[in-house]
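So that you can map any letter, position 83 of the sequence shown is 83 in full-length UniProt numbering, and since no number is skipped, the others follow by simple counting.
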Amino acid sequence: TLKSAGRLNPEIVYSYLLGFCQRNEETLEENWESFNLVLEPGKITPLHLFKHTPYDPPDVQAVEGEATAKSDTWIMLALMGIYRLKSINRADQQSEIADRLQVLLSEFTSLKIHYGAQDSIYQTGKIRRLVAGLDMFYFRFRMSPNAVIRFGTIVSRYKDCAILATVMHGMDFLGIKDEIGRWMFSARAADEYASVMKKGNELGHEGSYTPYLSDMGLCQRSPYSASANPIMHLTIHMTCAYLGSVRSQRARIKHHLWRFSTK
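Take a look at the structure:
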C-alpha cells in the first residue's frame with residue numbers, strides 16, 4: 001500500500017516512482033542533446049536523464065490483487081495529480097483540477113482520490129527531481145500511453161521561471177515580439193533581459209534541461225524567476241498595465257520595487 005496511517009508514505013512513494021522509471025522505457029530514434037550532454041539512439045528510461053543512487057525500498061505489507069500496466073498508469077496519474085494539486089493555492093482552481101483529475105482516473109479505476117493532507121511527501125528534493133525527469137521524458141515521448149501522467153508533472157516544467165512568461169506576455173500584448181529588448185529604458189532592466197536571453201541558455205530548445213532547473217536541483221536560485229529579474233518584471237507589467245492588460249494589472253509586484261533606481 002502507498003498509505004501509512006492515513007497519509008502517503010514518502011519513502012514508499014519515492015520507491016514506487018523510481019520503480020516506474022526503471023520499468024518504463026521508450027525508443028530514442030536520434031541524439032538527444034542538452035548542454036553538451038548527449039543521449040544516443042536506443043532504449044532509454046527517465047533515469048537516463050540524471051544521476052541517481054541505488055535505493056532499497058522499505059518493507060511494506062503486501063496487499064492481494066492483480067496489478068497490470070494500466071494499474072501502473074493510473075497510480076502514477078493519481079500521485080502526479082496530487083503533486084499538481086499541492087502546487088495550487090486558490091481553492092477554486094484546486095477544485096477544478098481535482099475534478100479534471102478524477103475524470104481522467106475514471107478511465108482506469110473507480111477509486112476516488114483524497115489529497116487534503118499530502119503536502120510533505122512532495123517537498124523532498126529526490127521526489128521533485130524524479131517528477132521533473134518524468135515530465136522531461138514524456139514531453140519528449142508525448143505519444144506514449146504513459147504521457148497522460150503529464151497532467152500532474154507539467155507544473156515542474158518552467159517551475160520558478162515566471163520572467164519567461166512575463167516576457168512572452170509583453171511580446172504578445174505589445175505586438176513587438178523579438179524587439180521588446182529595445183524598449184528596456186532602465187539600464188538594469190536591459191541587463192536582466194540580456195542575461196535571460198543570452199545565447200546558450202537553450203530557451204528555444206524543447207529537449208533542454210532549462211525548464212527543469214528548479215525541480216532538478218540544478219541551481220540554487222532560478223535565474224528565470226521574477227525575483228531574480230525584478231526590474232524587467234516590473235517594467236513589462238507596468239507598461240502593459242497602463243495599456244489595459246488585465247493580466248498585468250493583477251500581476252504580483254513586490255512593494256519595494258516601486259522605489260527602484262533606474263541607474
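The C-beta atom is built at its ideal place from N, Cα and C for all residues, glycine as well.
Neighbour-count burial assignment, S261, 16 or more Cβ in a 10 Å radius: Confidence in S261 is poor, its pLDDT being 46 and thus under 50, which makes the residue's placement unreliable; the coordinate value appears in the next sentence. So S261 ends up on the exposed side.
Local Cβ density within 10 Å of A99, reported as buried at 16 or more and exposed below that: In the sequence as presented, Ala is not what sits at residue 99; that position holds Asp. The residue in question, D99, is exposed, as its Cβ has fewer than 16 Cβ neighbours within 10 Å.
Can you tell me the Cα-Cα spacing of F20 and R221, whole angstroms? Spanning the two alpha carbons is a distance of roughly 29 Å.
Go through its chain and collect everything with a Cβ distance to S156's Cβ below 6 Å, but skip five positions before and after it. Contacts found: V131, A132, D135 and D215.
S261 (DSSP reduced to helix, strand or coil): Residue confidence for S261 is low, a pLDDT of 46 falling below 50, so the modelled location carries little weight; the figure read from the coordinates is stated next. Assigned with DSSP and collapsed to three states, S261 falls in coil, not helix or strand.
Distance, Cα to Cα, residue 264 vs I163? The first residue shown for the chain is 1 and the last is 263, placing residue 264 beyond what the model contains.
Which residue's Cα is closest to the Cα of N9: R129, I121, L39 and G42? Nearest option by C-alpha distance: I121.
Sequence-distant residues of its chain with Cβ nearer than 7 Å to I88 (five each side left out): Here the set comprises Q94 and I97.
Between the Cα of H52 and the Cα atoms of L17, S71 and L85, which residue gives the shortest distance? When each option's Cα is compared against that of H52, the closest is L17.
Where does K43 fall in DSSP's three states? K43: strand per DSSP, three-state reduction.
Residue span of the beta strand (DSSP E) that contains S156, given as start and end: Neither: S156 is in no beta strand (DSSP E) and is coded neither H nor E.
What are the boundary residues of the alpha helix (DSSP H) that E192 is part of? For E192, the enclosing alpha helix (DSSP H) covers residues A187 to V196.
Under the three-state reduction of DSSP, which class applies to S34: helix, strand or coil? Secondary structure of S34 (DSSP, three-state): strand.
Rounded distance between the beta-carbons of S227 and C240, thought under 8 Å: Contact between C240 and S227 does not hold, since their C-beta atoms are separated by about 19 Å, which reaches or exceeds 8 Å.
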